[in-house]
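A.B. asks: All the letters of the sequence shown, read from the start, carry residue numbers 34 to 410 under this note's numbering. Take this structure first; my questions come after.
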Amino acid sequence: MSQATMSGERTVHVPLDGGRDYDILIGRGILDEAGARVKALGGRAAAIVTDETVAGLYAQRVRTSLEAAGLRAGIVCVAPGEASKSYATFAQVCDGLLAEKIERNDLVVALGGGVVGDLAGFAAAVLRRGVRFVQAPTTLLAQVDSSVGGKTGINAPLGKNLIGAFHQPRLVLADTATLDTLSSREMRAGYAEVVKYGLINEAAFFEWCEAHWPGIFAGGPERDEAVAICCRAKAGVVVRDEREDGERALLNLGHTFAHALERLTGYESARLVHGEAVGIGLALAFRFSARLGLCPGQDAGRVANHLALAGLPTRLQAVPGGCGDAEALLDAMAQDKKVRDGRLTFILAHGIGRSFIAPGIEAADVRAFLEDELAAG
Ligand SMILES: NC(=O)c1ccc[n+]([C@@H]2O[C@H](COP(=O)([O-])OP(=O)(O)OC[C@H]3O[C@@H](n4cnc5c(N)ncnc54)[C@H](O)[C@@H]3O)[C@@H](O)[C@H]2O)c1
Ligand SMILES: O=C(O)C(=O)C[C@@H](O)[C@H](O)[C@H](O)COP(=O)(O)O
Ligand SMILES: [Zn+2]
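Structure, rendered in structure tokens:
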């Protein structure tokens with residue numbers, strides 16, 4: 034489904050206007066190119082923002098590569114997990130970058146999963162009113178989704194990603210070999226966002242996932258293929274609708290539910306991580322669509338079955354410690370960024386690969402649906 038070079042490296046170009054176009058490089062061992070690639074962007078220094086787990090695995094290798102290319106390189110390290118997308122850690126990262134004397138022409142390198150990418154990207158967006166940054170994603174989720182497209186930010190106690198900025202990276206280095214050290218829980222979580230791309234508008238990709246998902250997990254050629262397919266799909270959407278005035282909202286399939294669950298579990302990674310919440314959210318979006326008579330129940334069943342086969346949760350009951358009642362979920366959803374004139378917007382589906390934006394959804398319909406879901410065994 035996509036072409037690789039002799040070295041096995043793939044490039045997806047993101048042709049944004051105003052000189053903001055960038056490449057996504059995908060392949061095993063790409064991290065060793067970090068120095069040369071970052072140096073080519075100009076600047077004298079680079080600060081690696083990472084978390085403690087990733088730091089122990091990859092930060093020194095990237096630092097060595099940057100220094101070998103003649104760049105001054107420092108490391109700013111945060112605690113792993115969703116709780117680091119907070120005001121406090123954001124301040125820690127900004128102060129760390131200032132201590133590293135990162136100038137307007139220097140670069141921030143976000144080395145890690147989506148938490149580090151969103152956090153470091155947001156810090157780069159505001160540091161000295163904006164410095165450039167590079168995404169070096171090390172989770173499946175970050176390689177297929179969060180490192181591309183320029184959404185950066187942190188969570189507020191009242192909701193997910195409510196504080197942030199659009200700030201595009203100058204380069205994405207997706208070293209798929211880094212996924213060899215990722216836990217199976219985090220692989221599964223990232224896989225929810227992979228499946229999302231098929232469900233949005235590419236039924237053939239969903240079918241491909243049904244046939245090839247074990248290869249993605251095992252690190253076969255299917256892994257790089259899946260990363261490239263998702264990046265290409267996301268790049269297309271982002272170029273057509275960078276700031277989510279329309280089509281980009283489709284990438285939020287399952288996320289109105291997911292973000293409410295993440296808030297109600299206190300952003301505690303031990304209980305629920307983003308990809309798991311998306312797994313539940315995707316299944317709910319399809320069951321809600323079926324309930325409204327928009328989508329065949331058979332499709333909703335097929336989606337939930339595939340997610341469950343890959344080890345993802347698909348029901349509210351699966352949230353460790355519970356997720357509150359329908360009213361609490363509705364209250365959390367009221368903070369969704371897609372809300373217009375106080376009314377909920379959902380991404381719903383006419384079937385697999387046939388998602389659409391549905392504004393003006395009645396809260397009463399959502400409440401009744403959630404009550405039934407919570408009551409289901
Ligand atoms: N900006 C976007 O467009 C976008 C898109 C999707 C998700 N997100 C955000 O991404 C975040 C989730 O990202 P995530 O799933 O990558 O979680 P994460 O960044 O918390 O990483 C998951 C865990 O894996 C560890 N880890 C990372 N790379 C590793 C590796 N190679 N080997 C071993 N361990 C490794 C981390 O230390 C962490 O504990 C959420 O905050 C979500 O909102 C943003
Ligand atoms: O890039 C996008 O656009 C997405 O919606 C991708 C999502 O997977 C991601 O979780 C994103 O951070 C959600 O965006 P938000 O605007 O709802 O915070
Ligand atoms: Zn997401």
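Ideal Cβ positions, reconstructed from N, Cα and C, are used throughout, including at glycine.
Closest by CA to Asp56, which one among Arg203, Val142, Ala101?
C.D. replies: Selected option, being the one with the closest Cα: Arg203.
A.B. asks: Which word fits Arg273, buried or exposed, when buried means at least 16 other C-beta atoms lie within 10 angstroms of its C-beta?
C.D. replies: Exposed.
A.B. asks: Looking at ligand 2, does it come within less than 6 Å of Asn188, judged from the CB to the closest heavy atom?
C.D. replies: No, the Cβ of Asn188 stays beyond 6 Å of every heavy atom of ligand 2.
A.B. asks: DSSP three-state call for Ser179: helix, strand or coil?
C.D. replies: Ser179 falls in the helix class under three-state DSSP.
A.B. asks: How close, in whole Å, do the beta carbons of Gly103 and Lys72 come, if the pair is a contact with beta carbons under 8 Å?
C.D. replies: Contact holds; Cβ gap of about 6 Å.
A.B. asks: At a cut-off of 6 Å, would you count His200 as near ligand 2, judging by its Cβ distance to the nearest heavy atom?
C.D. replies: No, the beta carbon of His200 sits no closer than 6 Å to any heavy atom of ligand 2.
A.B. asks: If you reduce the DSSP assignment to three classes, tell me which class Thr171 lands in.
C.D. replies: Three-state result, Thr171: coil.
A.B. asks: Is Leu74 close to ligand 2? I mean its beta-carbon at under 6 Å from any heavy atom of the ligand.
C.D. replies: Leu74: no, Cβ never under 6 Å from ligand 2.
A.B. asks: Is the beta carbon of Ser117 sitting closer than 7 Å to the one on Val148?
C.D. replies: Result yes, Cβ atoms of Ser117 and Val148 sit closer than 7 Å.
A.B. asks: So for Pro392, helix, strand or coil by DSSP?
C.D. replies: Pro392: strand per DSSP, three-state reduction.
A.B. asks: Just the Cα atoms here: how many angstroms apart are Thr211 and Ala397?
C.D. replies: Each residue's alpha carbon lies about 45 Å from the other.
A.B. asks: Could you check the C-alpha separation between Leu286 and Ala157 for me, to the nearest Å?
C.D. replies: Using only the alpha carbons, I get a separation of about 27 Å.
A.B. asks: Kindly indicate which residue of Ala153, Gly326, Gln368, Arg373 has the alpha-carbon position closest to the one of Val186.
C.D. replies: Before going on, a small fix: residue 186 reads as Gly here, not Val. Closest option to Gly186, Cα to Cα, is Ala153.
A.B. asks: Do Arg265 and Val45 count as a contact pair if the criterion is CB distance below 7 Å?
C.D. replies: Yes, these two residues count as a Cβ contact at 7 Å.
A.B. asks: Taking all protein chains shown into account, decide if Asn338 is buried (16 or more other Cβ within 10 angstroms of its Cβ) or exposed.
C.D. replies: So Asn338 counts as exposed.
A.B. asks: Below 6 Å CB to CB, which residues in the same chain sit around Arg256 once its five sequence neighbours on both sides are set aside?
C.D. replies: Closer than 6 Å at the Cβ level, and outside the excluded window around Arg256, lie Thr209, Ile249.
A.B. asks: Which of helix, strand or coil does DSSP assign to Thr298?
C.D. replies: Note: Thr298 maps to coil in three-state DSSP.
A.B. asks: Give the DSSP-derived three-state secondary structure of Leu58 in the structure shown.
C.D. replies: Correct three-state label for Leu58: strand.
A.B. asks: Within its chain, find whatever has a CB closer than 6 Å to the CB of Gly41; leave out the 5 residues flanking it on each side and keep chain order.
C.D. replies: Hits under 6 Å: Gly60.
A.B. asks: Can you find the residues in the same chain that come closer than 8 Å, C-beta to C-beta, to Gly51, ignoring five residues on each side of it along the sequence?
C.D. replies: There are no such residues.
A.B. asks: Which term fits Glu219, buried or exposed, when burial requires 16 or more other beta carbons within 10 angstroms of its beta carbon?
C.D. replies: Counting Cβ neighbours within 10 Å, Glu219 comes out buried, since at least 16 surround it.
A.B. asks: For the beta strand (DSSP E) that contains Cys110, what are its first and last residues?
C.D. replies: Run containing Cys110: 105–111, per the beta strand (DSSP E) assignment.
A.B. asks: Taking the CB atoms as reference points, tell me whether Phe319 and Val336 lie closer together than 7 Å.
C.D. replies: Yes; because the gap between Cβ atoms is below 7 Å, this pair is in contact.
A.B. asks: Output the distance between the C-alpha atoms of Glu406 and Val352, rounded to the nearest integer angstrom.
C.D. replies: Distance between the alpha carbons of Glu406 and Val352: 13 Å.
A.B. asks: His288 and Gly314 look like a contact to me (Cβ under 8 Å); what is the Cβ gap, rounded to whole Å?
C.D. replies: Yes, they are in contact, since the Cβ atoms of His288 and Gly314 sit about 6 Å apart, within 8 Å.
A.B. asks: Look at the alpha carbon of Ala225 and the alpha carbon of Leu191, and state the distance between them as a whole number of angstroms.
C.D. replies: Taking the straight line from one Cα to the other gives about 24 Å.
A.B. asks: Helix, strand or coil: how does DSSP classify Val149 here?
C.D. replies: Correct three-state label for Val149: helix.
A.B. asks: Can you give me the C-alpha to C-alpha distance between Gly393 and Ile380, rounded to a whole angstrom?
C.D. replies: Straight-line Cα distance between these residues: approximately 11 Å.
A.B. asks: Could you check how far apart the C-beta atoms of Ala88 and Ile108 are, in whole angstroms? I think they sit under 8 Å.
C.D. replies: Right, the Cβ-Cβ distance comes to about 7 Å (below 8 Å), so this counts as a contact.
A.B. asks: What first and last residue would you give for the alpha helix (DSSP H) that runs through Ile385?
C.D. replies: Segment: none, Ile385 is in no alpha helix (DSSP H) and carries neither H nor E.
A.B. asks: Which whole-angstrom value describes the C-beta separation of Leu431 and Thr214, a residue pair presumed to lie in contact below a C-beta threshold of 8 Å?
C.D. replies: Only positions 34 to 410 of the chain appear in the structure, and residue 431 is not among them; the question remains open.
A.B. asks: Only counting the same chain, and skipping five residues up and downstream in sequence, which positions put a Cβ closer than 8 Å to that of Ala382?
C.D. replies: If we look at Ala382 and ignore the five residues flanking it on each side, its Cβ neighbours are Leu232, Leu286, Ala318, Phe319, Ser322, Leu327, Cys328, Asp332, Ser388, Phe389.
A.B. asks: Expressed to the nearest angstrom, what Euclidean distance is found between the alpha-carbon atoms of Ser180 and Gly163?
C.D. replies: Each residue's alpha carbon lies about 18 Å from the other.
A.B. asks: Cβ of Gly182 within 6 Å of any heavy atom in ligand 1?
C.D. replies: Yes, ligand 1 has a heavy atom inside 6 Å of this Cβ.
A.B. asks: Please state if the CB of Val177 and the CB of Cys263 are separated by a distance shorter than 7 Å.
C.D. replies: Yes; because the gap between Cβ atoms is below 7 Å, this pair is in contact.
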